[in-house]
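Student:
Numbering (the working numbering), first residue to last: 2 to 123.
1) Counting Cβ pairs, one atom from each stretch, are 3 or more of them under 8 angstroms apart for the region 11-20 and the region 55-63?
2) Going by beta-carbon coordinates alone, are residue 52 and residue 121 separated by less than 7 angstroms?
3) Among 119, 118 and 69, which one has its Cα closest to the Cα of residue 98?
4) What is the rounded straight-line gap between the Cα of residue 64 and the Cα of residue 22?
5) Quick one: grab the DSSP three-state call for residue 35.
6) How should residue 84 be labelled, buried or exposed, when 16 other C-beta atoms within 10 angstroms of its C-beta is the threshold for buried?
7) Ends of the alpha helix (DSSP H) at residue 19?
8) Considering just the uninterrupted stretch of the beta strand (DSSP E) at residue 86, what are its terminal residues?
Now the structure itself:
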C-alpha cells in the first residue's frame, strides 16, 4: 500500500481551497489547508508535508516570502507556486528561490497532479 502524498494547500480564497482540497483528496492525497503564511507555518511545524501548493498573492506575506521561509526551515518540502497573474519576474524569482514549479491558475487538475507527483518523487 502506498503512503498518500501529504499536501499543504495555502490560499486565501476559501472556495478555491475547498474545491481543490476535495479533488486532491479524491486522487488519494492527504490535504491540509491554510489561509495565509502564518497558518501555513503552524501546519508545517505540526506535521510533515511533501508538497506545498502556495498562492502567490495573499494578504499577510506573499508567496515568494513564504517560499523563502519554507526553503530555510523545511528544506525537504517542495513548493509549487500558483498564481492568477502572468508575472514572468515573479516566476523567475520563485524558481531562483527554490520553487519546484510556478503554475498559472486555472491549471488543469491532471497537470497539477502530475507536477505534485514529480515534486513528491513519485
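Ideal Cβ placement from N, Cα and C applies to all residues, glycine included.
Tutor: Well, looking at it:
1) Yes, they touch.
2) Counting from one through the chain shown, the residue named residue 52 turns up at place 51. Counting from one through the chain shown, the residue named residue 121 turns up at place 120. In contact: residue 52 and residue 121 (Cβ atoms closer than 7 angstroms).
3) Counting from one through the chain shown, the residue named residue 98 turns up at place 97. Comparing Cα-Cα distances from residue 98 to each of 119, 118 and 69, the minimum goes to 69.
4) Numbered from 1 along the chain shown, position 63 holds the residue referred to as residue 64. Numbered from 1 along the chain shown, position 21 holds the residue referred to as residue 22. Looking at the two C-alpha atoms, the distance is approximately 19 angstroms.
5) Here residue 35 is taken as the residue at index 34 of the chain shown, counted from 1. In the structure shown, residue 35 falls within a strand segment according to DSSP collapsed to helix, strand and coil.
6) By 1-based counting over the chain shown, the position of residue 84 is 83. By the 10 Å Cβ count, residue 84 comes out buried.
7) Against the chain shown, residue 19 aligns to sequence position 18. It spans 15-27 - the alpha helix (DSSP H) in which residue 19 sits, taken as one unbroken run.
8) Position 85 of the chain shown, counting from 1, holds the residue named residue 86. Unbroken run through residue 86: none, as it is neither H nor E.
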